[in-house]
Amino acid sequence: MNTATLETGGAPRAAPKQPMGKMDSAAKFWDKVAERYAKSPVADEAAYRKKLDVTRGYLRPDMDVLELGCGTGSTAIVHAPHVKHIRAVDISSGMLAIAKRKAEAANIDNITFEQSTIDDLEVADGSVDVVLALSLLHLLEDRDVAIARVHKMLKPGGVFVTSTACLGETMGWFRYVGPVGKFFRVIPLVRVFSPDDLKQSFIRAGFAIDYDWQPRKGKAVFIVAKKNETLSG
Ligand SMILES: C[S@@+](CC[C@H](N)C(=O)[O-])C[C@H]1O[C@@H](n2cnc3c(N)ncnc32)[C@H](O)[C@@H]1O
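Note that our numbering has the sequence shown beginning at 87, numbered continuously upward.
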């Protein structure tokens, strides 16, 4: 596991699809770095453990989980024994190939890996118990659109577990440097926003923040956002 980062979204609420060219270039970027990403150590092992433990507290054996941007599958493999099924989705075939290899080696057979962008993924409204998105929201063109979609796909009372680099807090300058790096294809699209911007995105989508933790300033913000228990939520 590793981490890259993202920016603020702002406006479009009408789910414009990310142009295919942009998605292709994101997939190519992650394909290229997949093997290196798989070998790189977790940046903060204690924080990662804590996030896994907190997530585990929300899981039940009868649950259907969807992981968006599953990468090389490390997190799905840890949680799989505690739920009914995990649908693990990623845009990168390179990342998914490694994830499948690791799941097989761990004898895990209740994860279905699938190559898709979040935009193209078909998920019935109100059908999922838990959605995971770790080190992903900052990499999306419009996090508000994605968060609103996740809210729709969750069952009432369902949770959206996220860990997100919020560069606006300590690295606001990155919003000027990032596009240059992206142009030269050395980094992917990275949005720059603050922890508060991120929390407001969840609230705008109708979520309540159930758990909120940041190991320290500048580190990824871990949020468990909960959909209202009532059907209207
Ligand atoms: C920083 S990695 C995080 C991987 C994993 N969640 C982790 O914590 O190690 C971001 C992952 O999101 C995937 N990704 C980026 N944009 C995506 C999109 N629009 N739809 C689906 N996956 C995407 C990338 O291919 C990559 O595997």
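Yeah, the Cβ is synthetic: ideal placement off N, Cα and C, and Gly gets one too.
Query, Result
"How would you write the range of the beta strand (DSSP E) that P127 sits in, first residue to last?", "Counting along the chain, P127 falls outside any beta strand (DSSP E), and DSSP gives it neither H nor E."
"Candidates D148, S178, G143, T161: which alpha carbon is nearest K114's?", "S178"
"Beta-carbon within less than 6 Å of T91's beta-carbon, same chain only, minus the 5 sequence neighbours each way: which residues are those?", "Because T91 sits at a pLDDT of 28, beneath the cut-off of 50, its placement in the model cannot be relied upon, and the following sentence gives the value as read from the coordinates. H224, A251, L253, V276."
"Is P274 near ligand 1, going by C-beta to nearest heavy atom under 8 Å?", "yes"
"Tell me whether K313 sits in a helix, a strand or coil according to DSSP, three-state version.", "coil"
"Counting Cβ pairs, one atom from each stretch, are 3 or more of them under 8 Å apart for the segment 199–211 and the segment 223–239?", "yes"
"Between the segment 153–170 and the segment 117–133, do three or more beta carbon pairs fall short of 8 Å?", "yes"
"Identify every residue that forms a DSSP beta bridge with F288.", "Answer is none; F288 lacks a bridge partner."
"What is the DSSP secondary structure of A69, reduced to helix, strand or coil?", "The chain is shown only over 87 to 319; residue 69 falls outside these bounds and no answer can be derived."
"Can you find a heavy atom of ligand 1 that lies under 8 Å from the Cβ of E208?", "no"
"Return the CA-CA distance between F308 and P147, expressed in angstroms with no decimal places.", "23 Å"
"Taking the alpha-carbon positions, what's the V247 to W116 distance?", "22 Å"
"May I ask you to report which of helix, strand or coil DSSP gives A113?", "helix"
"Let me check you understand the geometry: is the CB of D176 closer than 8 Å to at least one non-hydrogen atom of ligand 1?", "yes"
"Run through DSSP, which three-state label would P242 get?", "strand"
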